[in-house]
Each structure stands twice: as structure tokens, then as C-alpha cells.
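In the working numbering, the protein residues as written are 117 to 682. Here's the structure, in C-alpha cells; my notes come after.
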Amino acid sequence: MRRILSRACALALVVGASLTPAIPASAAGNTLTVDVGSVVRPVTHVAAGGLYGVGSDTKPSTEQLLPLSPISFTQPPPGTTHLGNGATEPCCDALDVAGNITRAGAQQFIRMPDIYPRFPYEWQGWADWENKVRTMVQERLDATATTNVHGWEIWNEPDWTWDTAAAGSWHDGWTRTHRLIRTMDTVTPIVGPGDSHYSHDRMLSFLTHARDTNTLPDVIVWHELGDMDWNSFDDHVADYRAIERSLGISPRPIAINEYNSYNQMDIPSVAVHWISVFERHGAREAHRAYWFEAGTFDGLFTLEGQPTASYWAYRWYGEMAGNVVRTTPQSWLDGVASYDSTRKIVNVVLGGDSGDNAVRVNGLSSFGSSVDVTVRSVPGSGRHTHVSAPTVRSTSRMNVSNGSVTVPVTGMTAEGAYQVVVTPAGGPTSSWQQTYEAENASVVNAQTRSSSGASGGYYVGGIDGSADMRSDSFVDFTVNVPTARSYTMTIRYANGTGATSTHGLAYNGGAWSTVSYPPTAGWAQFSTVNVTVDLRAGHNVIRLAKGSPYFEGGTGYAELDSITLS
117 MRRILSRACA LALVVGASLT PAIPASAAGN TLTVDVGSVV RPVTHVAAGG LYGVGSDTKP
177 STEQLLPLSP ISFTQPPPGT THLGNGATEP CCDALDVAGN ITRAGAQQFI RMPDIYPRFP
237 YEWQGWADWE NKVRTMVQER LDATATTNVH GWEIWNEPDW TWDTAAAGSW HDGWTRTHRL
297 IRTMDTVTPI VGPGDSHYSH DRMLSFLTHA RDTNTLPDVI VWHELGDMDW NSFDDHVADY
357 RAIERSLGIS PRPIAINEYN SYNQMDIPSV AVHWISVFER HGAREAHRAY WFEAGTFDGL
417 FTLEGQPTAS YWAYRWYGEM AGNVVRTTPQ SWLDGVASYD STRKIVNVVL GGDSGDNAVR
477 VNGLSSFGSS VDVTVRSVPG SGRHTHVSAP TVRSTSRMNV SNGSVTVPVT GMTAEGAYQV
537 VVTPAGGPTS SWQQTYEAEN ASVVNAQTRS SSGASGGYYV GGIDGSADMR SDSFVDFTVN
597 VPTARSYTMT IRYANGTGAT STHGLAYNGG AWSTVSYPPT AGWAQFSTVN VTVDLRAGHN
657 VIRLAKGSPY FEGGTGYAEL DSITLS
């Protein structure tokens, strides 16, 4: 639901959205509480994705995307004829933009019905649809160097765009299309149902049918598009999980591949609300909605490619490393926070309230008796207003009392976004990030696991696939270094095979080399090896792979905990 034609239907009929503004009726005096010692999950930048967010191989450029740490996008299929939001030419073919998305460390869903020119889709019969499906899947299979497709989205908003009169029931259409895809591609996940809003009755009915026909989606997708619908996301997740349990379905990842309303899309504080609830309540990924222009990461850049106010909120979010830690909102004031234990940085992004408020950070005993605090802000301006940089509102040194500090954030506006950064007095333990946790990286066809022996409490295992571009497994680390030079990269790994294992190593699209991992005491029992990498100043993407295009494949198996550059 991201086309101009759909908005009236979406807001009036489907979502039932309120037109209440995102400005609190009464404000000030509220406190966002951050508990550094209470881990929610590893930082993966869950909400840093977009629908039609990438318009071409250069728009936005990879250099523009990298600081935002995008996780995934939803793009139209190969051979798309779709004219979205008044466009005069189709754009954003998933295979055409795959290189840009991969270089930025992200993956993508392919939205299959966007093969049609218009929205709502104009059904042309089953023979036409099945021919389209076969063609789309074959084109993807022929793209043997494209690794970043992690889902086929069978339909978009079937609750109001599926033509039941002409095509039959949606449930039967899902099953028929699912089975057709699987005759050609048994590997790529299938995602759905993709409804325009969460409905208990529709989800229960859909999952019951999918279970009974053995066509369950691998990833559950729905949209969150109403004004202030972030208030309902926790209830939607809880209801969905209850349905899974009642039907005996193993837990599926949740992807919200369209979020934020037409009315509130350009409000930075609203983005903060969405980011906060997605992190807090367990979404795997979430994509900003495509209400306006393609290729602007849905309003994070102006039409001229310049950062907006919302861009800075997402950039602060993109800077997060380590673990997401618990935040407790109060009234309209909400936020997301991370703790990078390797550098001792607490990064809080907040908003939603006006007046004089505060952030209380608990769990700082290891920081010493005092901390340095920086507070920044951006205004509530929209997608056509260039904001060249955030405003630094204050820098201060504060005393730590019983492991806590309370940081005043004064003169807030309800639509702006704010950042609070807390470090030990004198700054972070390193002037630039040197250690990168594998669980914070782009993990493709592998699993994040927990262990008390892992740095940060998590590591990546199951790096096992090397059959082809759909099942190749690897970890892409996006690093940001101050100067161009040779770096020693220390890889913390585990190898429980009893023999030496290998991974392929490549960076910035360069040639492959081999990393050897001698056996360790067992799985999740970590040791280190050193290699040398020649990196350019700024962002670099380093891949450690069991399988990857143009690489013959690793031997044995190894788990990854972290890399450290020196």
C-alpha cells in the first residue's frame, strides 16, 4: 500500500487510521529510562529498510546508504512494468539494484505482483500470472552472482487487491502460486501474507489453510500503515505468536515490509516511535513505506539526494553497535538505545515529546565516577528540506551516582528527534570502532546464537551453505576506518570439527583469499587468527564466506564471533 491511488482506500477503509497528529496534548517532565545491563537483542538495525528505497545502482549511492546500516529492502521483480506513485517509467528492478543493495550490506524481498503496470493490480488470468511467475523466478535463477534475494513476496495487500471474482479465493491463489514457485526454486524463502494491516481473523484463517496445504510462509509479513499504529504493534505480535502456538506452527520471523502512515511519514519523532517498538517487540526487519518518491530511501534523502531531518535520526540509529538495551518510555517520550561494550558507548535515539524532559541511564558503574554526555537534535522538517547536520545542543561532564546519570533534554519539540551519547570521561576507549561483532553484521544463510563465551554474548554459527547463490552462507562486516592502509584483522572464531577449516575472504568486491581456522576446543569455544587486509579510508565491506559467487567454497565449518582491526 504505497501508491497514490491506494491511499484513500487504505486510510478510510482498510487501516481505519486516526488523523490525530503526532503532537502530545500535554508534555514535558517525562523521562526515558535506559538500562545498559538489560540486553534486548544484538544490534541489527531492524527498522533500517525501505520499500522501493533503492531506485537504481546509484540512487541513493552506496556511499549514502552505508552510514544508515540498511538491513533489507522490498523491490519490484525482474522485468517490472510497474508505474508507482505517478512514475512515467518503471524503476528499481530487484536484479538491477542488487549490486547497490549488496554493497550496502543489505538483502531484499522481491514483490512479485509489481510485475503488473498499475496498482491496484489488474488481473489478466491464471495463465498470464503463472507465466509471469515462471519468468520472474527463472530470471532470478539465471542471476548467479546475486546473493541478496531472501524472499519471494507472492502478493501485496491481498485483503483488498486480490481479485476474488476473477482469480478465485486468495487462499487457493496463495497455495497455487507457492507450489508453482517451489517447482522451480526450493531454496529462496517465501513471504506472506502481506496484508495491508494486521487482522486476527484473516491471519488465523490464512495460517490454518497454509498449514493444511503445506504452504506455510517462511517469513510472516504484514503492513503497519495507520497514524500512531506503533501503539498496537506489541499487541499484533503477541496475537500472531498466540496463533502460531494454537496451530502448532514453529515460530516464523516477522517482517513489516511497509511501515508508517501517509500523514506521518516525514516526522522524525514518528520514525523513532516505530524504530523503538520494532526493536522492543521482536521484528526481524521493517521497511519504510513508499508513499512518495522511489529511490530516496522513502524520504531520508531529498529529490536532490541531500539528507533530511529523518536521515539523521536513522544515521544515529545506524551508528549503533553491540546490543540493543532496554528502554522504558513514559507518556509520549520513547526511544531506542544500544551499548557497545568494546568502546563503552551508550547511544540513545529518542523523541515524541515536547518541552523539558530527560533520559536516565542506569548500569554505568563500569564507566567510572563521571561521564561525558553529548545531546544532539534535528527538527521536525519533511522530505523536501535539506538538513546538513544535527544541532549539538549540549556537551557536558556529569557525575555518576549509584551507576546512573539523568541527562536533561530541554526545549524538545514533539516532531523532532534527539540523540544522547554517553561515554566514560575522556571519551570512548577507542577513537574509532575497531571490534565488530558478527551478530551485528549482515548474516546471510546463517544463524545468530548466544553463548556466555562469546564477546557481547552472541556469535554466528551455521555458516554452512555453498551450493549456489541462493544458499551461499557468509557474513558481511561493514567497517569504517580512519585512513587507507594495511590493517591486521583478528578473527575470533570457533572450529569444533577437529581439523582445519577454511573460509573465503574478500573485501570491497576484490579478489578472494583463504582464511584457515585451526581446530578449537569445541563449538562456541573461541580462538583467534590474524590476517592482513588493505582497506580504503571510510567504509569497507569485508566478507567471510563458506560459499559465495566466484569463490570455490570453504572446507569444514567455522563459527564467527568478531573481527578486530588494528
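Where is the CB? At the ideal position from N, CA and C, for every residue including glycine.
| Query | Result |
| --- | --- |
| If you follow the alpha helix (DSSP H) that Pro237 is in, where does it begin and where does it stop? | The question names Pro, yet the displayed sequence has Tyr at residue 237. Tyr237 -> no alpha helix (DSSP H), and no H or E assigned at all. |
| I need the DSSP call for Trp278, collapsed to helix, strand or coil. | coil |
| Would you grab the beta carbon distance between Ser589 and Gly663 for me? Rounded to a whole angstrom, and I think it's under 8 Å. | 6 Å |
| Are Ala453 and Val152 closer than 9 Å when you measure CB to CB? | yes |
| Quick one: complete alpha helix (DSSP H) runs, 4+ long, within the stretch 429-472? | none |
| By alpha-carbon positions, which one of Leu651, Glu360, Ala387 ends up nearest to Leu323? | Glu360 |
| Is the distance from the Cβ of Pro186 to the Cβ of Ala210 below 9 Å? | no |
| Where does Tyr356 fall in DSSP's three states? | helix |
| How many Å lie between Lys460 and Glu269 at the Cα? | 40 Å |
| Contact between the stretch 175-186 and the stretch 475-490: three or more CB pairs below 8 Å? | no |
| Does the stretch 561-579 come close enough to the stretch 526-535 to have 3 or more Cβ pairs within less than 8 Å? | no |
| Less than 9 Å separating the beta-carbons of Thr178 and Ala220? | yes |
| Do the stretch 665-679 and the stretch 593-610 touch if we need at least three Cβ pairs shorter than 8 Å? | yes |
| Only counting the same chain, and skipping five residues up and downstream in sequence, which positions put a Cβ closer than 7 Å to that of Thr671? | Ser617, Thr618 |
| Three-state secondary structure (DSSP) at Val249? | helix |
| Report the rounded CA-to-CA distance for Thr293 versus Pro635, giving the unit in angstroms. | 45 Å |
| Please list, in chain order, all residues of the same chain as Ile77 whose beta carbon is under 7 Å from its beta carbon, the five residues on each side excluded. | The structure shown does not extend to residue 77, since the chain spans only 117 to 682, so no value can be given for it. |
| Consult DSSP for Asn347 and reduce its assignment to one of helix, strand or coil. | helix |
| Enumerate in chain order the residues of its own chain whose CB-to-CB distance from Ser285 is below 6 Å, with the five nearest sequence positions on each side excluded. | none |
| Could you give the distance in angstroms between the alpha-carbon of Phe667 and the alpha-carbon of Val393? | 39 Å |
| Compute the distance between the beta-carbons of Met319 and Asp355, then report whether it is under 9 Å. | yes |
| For Gly669 and Gly620, what's the separation of their Cα atoms in angstroms? | 7 Å |
| Give me the DSSP bridge partner(s) of Pro683. | Absent from the structure is residue 683, since the part of the chain shown begins at 117 and ends at 682. |
| Among Thr507, Thr648, Thr564, which one has its Cα closest to the Cα of Ala429? | Thr507 |
| Report the rounded CA-to-CA distance for Asn646 versus Ala615, giving the unit in angstroms. | 18 Å |
| Mind reading off the beta-carbon distance from Glu374 to Ala405? Whole number of angstroms is fine, and I expect it under 8 Å. | 4 Å |
| How many Å lie between Gly171 and Cys208 at the Cα? | 5 Å |
| For Arg368, which residues in the same chain have their Cβ closer than 8 Å to its Cβ, ignoring the five residues on either side in sequence? | Leu332, Pro333, Asp334, Val335, Ile336, Glu360 |
| For Ser587, tell me which candidate among Asp450, Val595, Phe593, Gly578 has the shortest Cα-Cα distance. | Gly578 |
| Please say whether Leu419 and Ser426 have beta carbons closer to each other than 9 Å? | no |
| Looking at Gln688: is its Cβ nearer than 9 Å to the Cβ of Thr458? | Any property of residue 688 remains undetermined from this structure, which presents the chain solely from 117 to 682. |
| Taking the continuous beta strand (DSSP E) assigned at Ala387, which residues delimit it? | First-last for Ala387: 384-397, but that is the alpha helix (DSSP H), not the beta strand (DSSP E). |
| Between which two residues does the alpha helix (DSSP H) holding Asp311 run? | No alpha helix (DSSP H) holds Asp311; the beta strand (DSSP E) holding it covers 306-311. |
| List the whole-angstrom C-beta distance separating Asn656 from Tyr623, where the pair is believed to meet the contact cut-off of C-beta under 8 Å. | 6 Å |
| Assuming Thr522 contacts Ala474 (C-beta within less than 8 Å), just tell me the rounded distance between them. | 5 Å |
| What is the rounded straight-line gap between the Cα of Val538 and the Cα of Trp548? | 15 Å |
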